[in-house]
Each structure stands twice: as structure tokens, then as C-alpha cells.
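Enquirer: No gaps in the numbering here: position 26 of the sequence shown is 26 in UniProt numbering, and each next residue is one more. Yeah, the Cβ is synthetic: ideal placement off N, Cα and C, and Gly gets one too.
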Amino acid sequence: MVTDFYSLLISVVNVTLQKENCRPDGRELSEFRTTTLNIGSISTADGSALVKVGNTTVICGIKAELANPTVEAPGKGYIVPNVDLPPLCSSRFRPGPPGEQAQAASQFIADVIESSEVIQTEDLCIERGKLCWVLYCDMMCLDYDGNVLDACVVALLAALKNTQLPEVTVNTETCTPGVTLEKRHGLRINKHPVATSFCIFDDSILIVDPTAEEESLATAQLTVVTDEEDRLYSLHKPGGTSLSGQKLQECISRATARQREIQKLINKVIHSVKTAQ
């Protein structure tokens, strides 16, 4: 009985989407929710950003720590991302260890950082084989209403651009680091990857920026990651029904346009903060 009701509900949603080109929240199929951004939200972090995509809210804080480089990469630092989906953001999440969705989101962010080379990890090395920076990038969802991956990528990118690392010198005699908190410098951002998520209904209807309700009813989901030079870094599709080549190309085209919008938003916010200072 539950399965029959679920199938009927999906059929009703599909008919509404096809005939009206309108979604439950009033948006058209290709319309994104309002995205707002605030940087420097956490005064105790080395870099931070707060992002709202509709009702979905994600905050990212970056904390830099000194460590020894790994044996495999003595001339590099490293970045450690983590996505937290706590019970406070939605009733669907439970207390305890990170759930499957949070783990998958953390791995997705790690893959985006590695594939896009948003930061050259060589830039995080202070002294080869002896000292480097480790950037702990913690993203916490404060309010969950779907499309958390897009919000996490925007929050991470904005927080990285907001990060200021203190000056570090190494004493040649004692081999001990000296940190000058008063002198700081920003990170060199090489690429600006942006994620754009879609939901597929009945193998033919495509919507952007899905809400939590739309995600639960969709037959498949897809996230596309591109940068400012239209490079394609990731196609993340966790199962579901197949997608035609034409629909896939449509998703990529929309993702490249979305990347430009988000990068423009980040640059505008950063410029306004610098002007205010």
C-alpha cells in the first residue's frame, strides 16, 4: 500500500512539473534558489564563510595547524575536509558517528579539492621534509533543505579565499618554528570549482537546486563540478536511473553558467569586506 501511494505521488509530481513547468515552491524547473554569502563569520578561525542556498545553511571554518609533512610528499602540506550533518539541521539525521550521507559528502569535497587543485599543496610547505601547514576545513550544516553539496563547495571556496595564515620562520640553530600572528598572508587560489546539483524525475524531467522534498522523490541525482575555464572536474551520480547524453550536456551547460554566477558573488562579497575595512 505504501509503495502504491509513493508511486502515485511521484506520478502526480511528474505531471505537475511537465504541464506547469512549476515546482512546489513556485520556481521554474531551471531556477535556482536565492544564494547569500557572508565571510569572516567565525572570529576564532583562520578563515570562514556562511552560505545560504534557499533554506539550506552551511558554515565553513578553516583552522591551520603546523605539522610534519608526510614521507610520501615531503614538499607538500595537506587539506583535511569534513562535512557534519548534525541532528540540529534536520530530523532525518541522528546523533552519533557521521552517517552515510555525511561521509559521502566529505569524500566528495576531498575529491573536488584534489581534482581541481584549488590550492597547490606545495604552497602549504614551509620547509621541505620538516614543516608544513595542515588546513582543517570543517563544514557544518545548520539547516538542511536539500542540495547540501553545492552549499558546501561554495562555503569551502569562500572560506579558503578568506583564510589568512600567520608568518612562520624556522630557527636554523634550534630547528624550532616561530609564528608571527601579527603578520599574515592569504592563500593562492588557483581554481574556483563550483558544484551544481540536479534531480531527475521519470528519466526525462530535469530540475536544478533540489529541495529536500524533491530529493526524496527523485529517481536520480547528479552533481556537476566546473571551474571558471569551463573545465569539468566531477560528475557525481550516486546510482538511480540513467541519463541521456543530451540531458547530461544540458546539465554541464547549466553548471558552467552557475559557476560564473557564484564566482561573481564571492568576489563581490570579498570586495565589499575589503572596502569596509
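1) Taking Cβ positions, are residue 278 and Val134 nearer each other than 7 Å?
2) What does the Cβ neighbour count give for Cys125, buried or exposed, with the cut at 16 atoms within 10 Å?
3) Beta carbon of Pro193, beta carbon of Val225: below 7 Å?
4) In its own chain, which residues sit with a C-beta less than 6 Å from the C-beta of Thr275, not counting the 5 before and 5 after it?
5) Please confirm whether Asp143 and Asn82 have their CB atoms less than 7 Å apart.
6) Quick check on the DSSP output: what are the complete alpha helix (DSSP H) runs of length 4 or more inside the UniProt domain "Exoribonuclease phosphorolytic" (193-256), in order along the chain?
7) Let me check understanding here. Comparing Cα to Cα, which of Gln120, Thr180, Ala110 lies closest to Cys152?
8) Hey, out of Lys161, Asp145, Phe32, Ser91, whose CA is closest to Lys268's CA?
9) Given a threshold of 16 other Cβ atoms within 10 Å of its Cβ, counted over all protein chains shown, does Lys52 qualify as buried or as exposed?
10) Just checking: is the beta-carbon of Ser272 within a distance shorter than 7 Å of some beta-carbon in chain B?
11) Closer than 8 Å is the cut-off here; do at least three beta carbon pairs connect the segment 24-35 with the segment 207-215?
12) Which residue or residues does DSSP assign as beta-bridge partners of Pro166?
13) By the 10 Å Cβ neighbour count, where 16 or more other Cβ atoms means buried, how is Cys22 classified, buried or exposed?
14) According to the Cβ coordinates, are Glu122 and Lys191 closer than 7 Å?
15) Using DSSP's beta-bridge definition, name the partner residues of Lys52.
16) Please classify Leu156: does DSSP put it in a helix, a strand, or coil?
17) Can you tell which of Gly186, Tyr233, Leu243, Gly96 has the C-alpha that lies nearest to the C-alpha of Ile270?
18) Please classify Asn147: does DSSP put it in a helix, a strand, or coil?
19) Beta-carbon within less than 7 Å of Asn147's beta-carbon, same chain only, minus the 5 sequence neighbours each way: which residues are those?
20) When burial is assigned at 16 or more other CB atoms within 10 Å of the CB, is Ser106 buried or exposed?
21) Are there 16 or more other CB atoms within 10 angstroms of the CB of Val273, so buried, or fewer, so exposed?
22) Kindly indicate the opening and closing residues of the beta strand (DSSP E) around Ile126.
Expert: This is what the structure holds:
1) The shown model of the chain, from 1 to 277, leaves out residue 278, and the question about it has no answer.
2) So Cys125 ends up on the buried side.
3) Yes, the pair counts as a contact, with Cβ atoms nearer than the cut-off.
4) Take Thr275, set aside five residues on each side of it, and no residue of its chain has a beta-carbon closer than 6 Å to its own.
5) Using a Cβ distance threshold of 7 Å, Asp143 and Asn82 do not count as a contacting pair.
6) As far as the UniProt domain "Exoribonuclease phosphorolytic" (193-256) is concerned, its whole alpha helix (DSSP H) runs of at least 4 residues are 212-217.
7) Here the closest residue by C-alpha is Ala110.
8) Measuring from the Cα of Lys268, the nearest candidate turns out to be Lys161.
9) Buried is the call here.
10) Within the model displayed, chain B is absent; a lone protein chain is all it includes.
11) Contact between the segment 24-35 and the segment 207-215 is established, with three or more Cβ pairs separated by less than 8 Å.
12) Bridge partners of Pro166: Arg184.
13) Cys22 comes out exposed.
14) No. Outside cutoff.
15) Answer is Thr36, Thr57.
16) It is helical.
17) Comparing Cα-Cα distances from Ile270 to each of Gly186, Tyr233, Leu243, Gly96, the minimum goes to Gly186.
18) Coil at Asn147, not helix or strand.
19) Setting aside the 5 residues that flank it on each side, Asn147 is surrounded in the same chain by Val53, Thr56, Ser197, Asp209, Pro210, each with a C-beta closer than 7 Å to its C-beta; the list follows chain order.
20) Buried, because 16 or more other Cβ atoms sit within 10 Å of the Cβ of Ser106.
21) So Val273 ends up on the exposed side.
22) Its beta strand (DSSP E) spans residues 125-127.
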